[in-house]
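Chemist:
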Amino acid sequence: MTPIPVRRAIRELGNDTQTWRKLLGLTMEQVADRADISRSTLAKLESGNGGVSLETALRVFRALGIMDTVVNSADPYRSDVGRLRSEEILPQRVRQSTPKRVSDA
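Numbering-wise (my numbering), the sequence shown opens with residue 94 and increments by one.
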């Protein structure tokens with residue numbers, strides 16, 4: 094089951110996608126054609142259907158001219174935490190830490 098915050102974000106992203114399309118004066122057919130997807134797939138994305146792939150969403154964002162903005166919004170070095178830790182060397186892997194045992198001796 095999809096968590097409620099994720100479902101809400103999918104709906105918001107769908108609404109925002111539709112708003113961008115309308116602000117740009119583009120029909121669903123035009124955007125679907127530019128993204129090389131079907132009109133029904135675009136309708137699923139705009140309605141907040143969670144079954145649309147990330148690649149498909151990025152194709153639509155590219156067709157709307159907002160792909161770079163969306164991708165850049167996930168850039169960790171554009172966040173406060175990322176900027177604060179930008180000088181640190183990131184580990185190759187992150188492993189779950191195990192709690193240290195306190196010895197009885």
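Note that the Cβ used here is the ideal one computed from N, Cα and C, for glycine as well.
Can you tell me which of the three DSSP states Met121 falls into?
Modeler: Helix at Met121.
Chemist: Assuming Leu135 contacts Ala125 under a Cβ cut-off of 8 Å, what Cβ separation, rounded to an integer in Å, is found between them?
Modeler: Yes, they are in contact, since the Cβ atoms of Leu135 and Ala125 sit about 5 Å apart, within 8 Å.
Chemist: Please confirm if the region 175-185 is in contact with the region 146-164, defined as three or more CB-CB distances below 8 Å between the two stretches.
Modeler: Taking 8 Å as the limit for Cβ pairs, the verdict is that the region 146-164 does not touch the region 175-185.
Chemist: Where Asn108 and Tyr170 are concerned, what is the direct C-alpha to C-alpha distance, given to the nearest angstrom?
Modeler: When rounded, the distance between both Cα atoms is 27 Å.
Chemist: Determine the closest residue to Arg101 out of Gln123, Arg127, Ile130 and Ser140, with distance taken between C-alpha atoms.
Modeler: Minimum Cα distance to Arg101 is reached at Ser140.
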